[in-house]
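Peer 1: Protein chains in written order, with my numbering: chain A, 155 to 267; chain B, 379 to 489.
Okay, structure coming up:
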């Protein structure tokens with residue numbers, strides 16, 4: 155079964171608004187990662203947050219992690235039409251040797267100009 | 379660096395045929411993985427490898443084999459293709475920072 159569950163499954167906003175996506179997971183983790191996938195393309199790594207971190211920023215992206223609730227959120231500020239894509243959270247379990255990243259089902263974001 | 383290279387990009391197979399999806403990376407990454415992506419299912423892990431000569435099963439390994447004879451290459455073999463294996467397949471390798479670099483995918487149709 156997949157590790158992460160994302161909410162909402164789909165999100166439609168206007169350009170300039172903020173977009174928030176949430177991810178919940180089940181097991182203890184080393185880190186949690188967010189990826190973007192444009193339609194028909196491969197996945198692009200956006201940001202990684204380690205289990206001992208609570209918040210991380212990268213440009214217009216802000217990620218939070220709450221290990222007590224086993225949840226994370228991705229905030230995209232001042233969204234642009236080019237941000238239209240699917241966004242996935244993925245967890246690297248505490249018990250992994252490596253190579254075993256488990257994905258959620260994704261949030262489909264549509265940013266209307 | 380070319381990153382992660384997957385071939386072919388598209389493939390149509392008949393039920394029962396076998397084939398190998400190729401994956402190569404030139405970044406000297408130890409960890410590599412294969413995923414399949416189906417509509418509404420996200421990405422599911424098929425097999426992964428923590429280094430040359432070491433592989434292990436992921437969430438959905440049935441019908442697939444892998445080997446890792448070199449650090450660079452991690453081919454995925456479909457033994458006897460079935461329509462249920464129609465999917466988009468992604469190969470990935472893990473960077474030093476812990477994030478993964480993905481290939482552009484192979485779109486496979488089994489008829």
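Using N, Cα and C, we set each Cβ at its ideal position, and we do this for glycine too.
Quick caveat: nothing in here was measured; it's all calculated off a predicted structure.
Are any of the Cβ atoms in chain A nearer than 9 Å to that of residue 423 of chain B?
Peer 2: Along the second chain, one-based indexing puts residue 423 of chain B at 45. Yes, contact with chain A.
Peer 1: Residue 202 of chain A touches chain B at which residues, Cβ-Cβ below 9 Å?
Peer 2: Start at 1 with the first residue of the first chain, and residue 202 of chain A comes out as number 48. Within chain B, the residues near residue 202 of chain A are 475, 476, 477.
Peer 1: Determine the direct distance from the alpha carbon of residue 430 of chain B to that of residue 170 of chain A, and round the result to whole angstroms.
Peer 2: Taking the first residue of the first chain as 1, we reach residue 170 of chain A at position 16. Taking the first residue of the second chain as 1, we reach residue 430 of chain B at position 52. The alpha-carbon atoms of residue 170 of chain A and residue 430 of chain B are separated by roughly 47 Å.
Peer 1: Sort out for me which residues DSSP pairs residue 455 of chain B with in a bridge.
Peer 2: Against the second chain, residue 455 of chain B aligns to sequence position 77. BP columns for residue 455 of chain B point to B:398, B:443.
Peer 1: Shortest alpha-carbon distance to residue 256 of chain A belongs to which of A:175, A:263, A:189?
Peer 2: Residue mapping note: residue 256 of chain A aligns to position 102 of the first chain, counting from 1. With distances taken between Cα atoms, residue 256 of chain A lies closest to A:189.
Peer 1: Name the DSSP bridge partner or partners of residue 425 of chain B?
Peer 2: As a working mapping, residue 425 of chain B is identified with position 47 in the second chain. Note: residue 425 of chain B sits in a beta bridge opposite B:412, B:435.
Peer 1: Give me the Cβ distance between residue 487 of chain B and residue 464 of chain B, rounded to the nearest whole Å; I'm assuming they're in contact under 8 Å.
Peer 2: Position 109 of the second chain, counted from the start, is the residue given in the question as residue 487 of chain B. Position 86 of the second chain, counted from the start, is the residue given in the question as residue 464 of chain B. Confirmed, about 5 Å.
Peer 1: Below 8 Å on the Cβ atoms is my guess for residue 410 of chain B versus residue 403 of chain B; work out the distance and round it to an integer in Å.
Peer 2: Mapped onto the second chain, residue 410 of chain B falls at position 32. Mapped onto the second chain, residue 403 of chain B falls at position 25. Rounded, the Cβ-Cβ distance is 7 Å, consistent with contact.
Peer 1: From residue 454 of chain B to residue 413 of chain B, what does the alpha carbon distance come to, in whole angstroms?
Peer 2: The sequence position of residue 454 of chain B within the second chain is 76, counting from 1. The sequence position of residue 413 of chain B within the second chain is 35, counting from 1. Their backbone Cα atoms lie some 10 Å apart in a straight line.
Peer 1: Using only CA atoms, which one of A:197, A:181, A:175 lies nearest to residue 471 of chain B?
Peer 2: As a position in the second chain, residue 471 of chain B is number 93, starting the count at 1. The residue with the shortest Cα to Cα distance from residue 471 of chain B is A:197.
Peer 1: Mapping DSSP to helix, strand and coil, what is residue 164 of chain A?
Peer 2: Stepping through the first chain from its first residue, residue 164 of chain A is reached at position 10. Strand at residue 164 of chain A.
Peer 1: Which chain A residues sit within Cβ distance under 9 Å of residue 396 of chain B?
Peer 2: Position 18 of the second chain, counted from the first residue, corresponds to residue 396 of chain B. Correct list: empty, because the minimum Cβ distance to chain A is about 25 Å.
Peer 1: So, using beta-carbon positions, are residue 467 of chain B and residue 384 of chain B closer together than 9 Å?
Peer 2: In the second chain, residue 467 of chain B corresponds to position 89, counting from 1. In the second chain, residue 384 of chain B corresponds to position 6, counting from 1. Against a cut-off of 9 Å, the Cβ pair of residue 384 of chain B and residue 467 of chain B comes out as a contact.
Peer 1: Which one or two residues does DSSP pair with residue 393 of chain B in a beta bridge?
Peer 2: Looking up residue 393 of chain B in the second chain gives position 15. In DSSP, residue 393 of chain B forms no bridge with anything.
Peer 1: I need the DSSP call for residue 237 of chain A, collapsed to helix, strand or coil.
Peer 2: For the purposes of this step, residue 237 of chain A is taken as residue 83 along the first chain, with counting starting at 1. It is helical.
Peer 1: Where do the ends of the beta strand (DSSP E) carrying residue 489 of chain B lie?
Peer 2: Taking the first residue of the second chain as 1, we reach residue 489 of chain B at position 111. From DSSP, residue 489 of chain B is part of no beta strand (DSSP E); its letter is neither H nor E.
Peer 1: With 16 other CB atoms within 10 Å as the buried threshold, where does residue 406 of chain B fall?
Peer 2: In the second chain, residue 406 of chain B corresponds to position 28, counting from 1. Exposed, because fewer than 16 other Cβ atoms sit within 10 Å of the Cβ of residue 406 of chain B.
Peer 1: Give the straight-line distance between the Cα atoms of residue 421 of chain B and residue 259 of chain A, rounded to the nearest whole angstrom.
Peer 2: Residue numbering aside, residue 421 of chain B sits at position 43 when the second chain is read from its first letter. Residue numbering aside, residue 259 of chain A sits at position 105 when the first chain is read from its first letter. C-alpha separation (whole angstroms): 7 Å.
Peer 1: In the DSSP output, which residue or residues are listed as bridge partners for residue 220 of chain A?
Peer 2: Walking along the first chain from the start, residue 220 of chain A turns up at place 66. Beta-bridge pairing links residue 220 of chain A to A:225.
Peer 1: Considering only their Cβ atoms, is the gap separating residue 234 of chain A from residue 218 of chain A smaller than 9 Å?
Peer 2: Sequence index remark: in the first chain, residue 218 of chain A carries index 64 (1-based). Sequence index remark: in the first chain, residue 234 of chain A carries index 80 (1-based). Contact flag unset, no.
Peer 1: Starting from residue 418 of chain B, find everything on chain A with Cβ-Cβ shorter than 8 Å and list it in chain order.
Peer 2: By one-based count along the second chain, residue 418 of chain B stands at place 40. The contacting residues are 259.
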